[in-house]
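Numbering-wise, this note's numbering comes out as the position in the sequence shown, counting from 1, plus 86.
Don't be surprised by glycine CBs; every beta carbon is placed ideally from N, CA and C.
Please read all numbers here as calculations on a predicted model, not as lab measurements.
Below: one structure, written as structure tokens.
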Amino acid sequence: MKNKWMNREEFRTHCRSHSVDPLLRLLLTSDGTLIQHLESLLLGPIGITVEAQREVSIDTEPAASMGVPAGEKGIERTVWLTSRAPSKASASGAEIGESVSPGKGERKIFAVSLFPLSKLKPDLSQEILLGLKPIGRILEMQRLPTRRDQLEISQLALPEVAEGFGLPRNELLWARRYRLNISDQVLGVLSEVFSPSLSSF
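The following block contains the structure:
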């Protein structure tokens, strides 16, 4: 099943005959805010480390998915979501619900997001470009109604990401991709790769 993208029902069918950790199943299929799920699970603030952020020309496939012309300008952002040891507050005084940049925090999620510039309002664009908060936290703080669709799940060979998680380069990783909508308008597309450390503990 490696490298085959599955919708929710196909993934559930796959899980009936293959062992996939229950917690990972829940995170992969969830339609809620990933940041809130991670904070509830890990009992600590979730930080962000921006690995790359750049303006790009959107390729044909993602452009069609988002309903914009191929070649339109967009913001592509690559980040790690990290956690610290569970505590009510971090050493810097950041509590759960507050995004921090934990530096040596443990990497939990590798995420790539792509947003057409034409779809972003100025305040949202500014927050994304600052690179201080995860997308989910920005949308939550702005109280924007969000919905995810076209969710697909796969197990992928991503050597550099595996290495970033501190794993062997040949480790297979569970990932998902989806469209993010605000008020029934497509905002962008996101891909998220999950660390095996998020398995039940």
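Span of the beta strand (DSSP E), counted from its first residue to its last, around residue i
| i | result |
| --- | --- |
| residue 201 | 192-202 |
| residue 146 | Looking at the DSSP string, residue 146 is not in any beta strand (DSSP E); the run it does join, the alpha helix (DSSP H), is 146-152. |
| residue 133 | 132-143 |
Residue i - DSSP class collapsed to helix/strand/coil
| i | result |
| --- | --- |
| residue 158 | coil |
| residue 251 | coil |
| residue 102 | helix |
| residue 115 | helix |
| residue 110 | helix |
| residue 217 | coil |
| residue 284 | helix |
| residue 238 | strand |
| residue 174 | Low local confidence applies: a pLDDT of 45 at residue 174 is under 50, so the model's placement there is unreliable, with the coordinate-based value given in what follows. Correct three-state label for residue 174: coil. |
| residue 128 | helix |
Option nearest residue i by Cα separation, candidates the options
| i | options | result |
| --- | --- | --- |
| residue 236 | 228, 138, 226, 267 | 267 |
| residue 130 | 194, 146, 225, 139 | 194 |
| residue 259 | 269, 244, 250 | 244 |
| residue 200 | 104, 279, 152, 110 | 152 |
| residue 147 | 100, 106, 265 | 265 |
| residue 99 | 281, 163, 240, 168 | 240 |
Start-to-end residues for the alpha helix (DSSP H) that takes in residue i
| i | result |
| --- | --- |
| residue 265 | No alpha helix (DSSP H) contains residue 265, which is instead part of the beta strand (DSSP E) from 258-268. |
Within 7 angstroms, strictly: CB atoms of residue i and residue j
| i | j | result |
| --- | --- | --- |
| residue 191 | residue 252 | no |
| residue 219 | residue 273 | no |
| residue 137 | residue 164 | yes |
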